[in-house]
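Notes to accompany the following structure.
Residue numbers (the working numbering): 1237 to 1376.
See below:
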């Protein structure tokens, strides 16, 4: 097993852990928000501003366009907090699956490394035994 691969997996595991923690904190914030705001959250805000000349009864501009009428409109879009929570929980599940896969892969890599080291040690014992036998044959 390449040490760089193991380090990469460990780094990936750490990043998954950070992401998991952030998602869990976001879910907690949304759950608190749900209780405080009757289950609604602001999804977006649109603001428009309309400027018009003030006109007389004939439709003529008063004061040569000097006087303006300003109309501002704000539209607030809300959505159910539960839909945001469900989206975050789905993303959390994906991250946890990826984290589990990284743990399993790291475990397999380490097990394979141990097997290779064990085989190497076994080969050394066999080599010593063969040398011992052959060495005795050469002396005899």
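The beta-carbon is built from N, C-alpha and C at its ideal position, and this holds for glycine as well.
Every value quoted in this text rests on a predicted model; they were computed, and no experiment measured them.
Exposed or buried, which one is residue i when buried takes at least 16 other CB atoms within 10 Å?
i: residue 1298; result: exposed
i: residue 1347; result: exposed
i: residue 1369; result: exposed
i: residue 1321; result: buried
i: residue 1331; result: buried
i: residue 1437; result: This structure gives no information on residue 1437, because the portion of the chain shown stretches from 1237 to 1376.
i: residue 1359; result: exposed
Give me the Cα-Cα distance between residue i and residue j, rounded to the nearest whole angstrom.
i: residue 1275; j: residue 1303; result: 44 Å
i: residue 1240; j: residue 1350; result: 17 Å
i: residue 1253; j: residue 1271; result: 28 Å
i: residue 1317; j: residue 1301; result: 47 Å
i: residue 1371; j: residue 1354; result: 25 Å
i: residue 1281; j: residue 1314; result: 9 Å
i: residue 1250; j: residue 1334; result: 12 Å
i: residue 1278; j: residue 1266; result: 11 Å
i: residue 1305; j: residue 1290; result: 6 Å
i: residue 1255; j: residue 1367; result: 56 Å
Comparing alpha-carbon positions, which option in the options lies nearest residue i?
i: residue 1337; options: 1246, 1360, 1322, 1301; result: 1246
i: residue 1287; options: 1238, 1319, 1309, 1251; result: 1309
i: residue 1284; options: 1307, 1362, 1342, 1343; result: 1307
i: residue 1243; options: 1363, 1359, 1342, 1352; result: 1342
i: residue 1324; options: 1361, 1263, 1238; result: 1263
i: residue 1259; options: 1326, 1269, 1345; result: 1326
Bridge partners for residue i per DSSP, in chain order?
i: residue 1308; result: 1285
i: residue 1280; result: 1313
i: residue 1291; result: 1297
Please list the segments of the beta strand (DSSP E) lying wholly inside the region 1237-1276, counting only runs of 3 or more residues, in order along the chain. none
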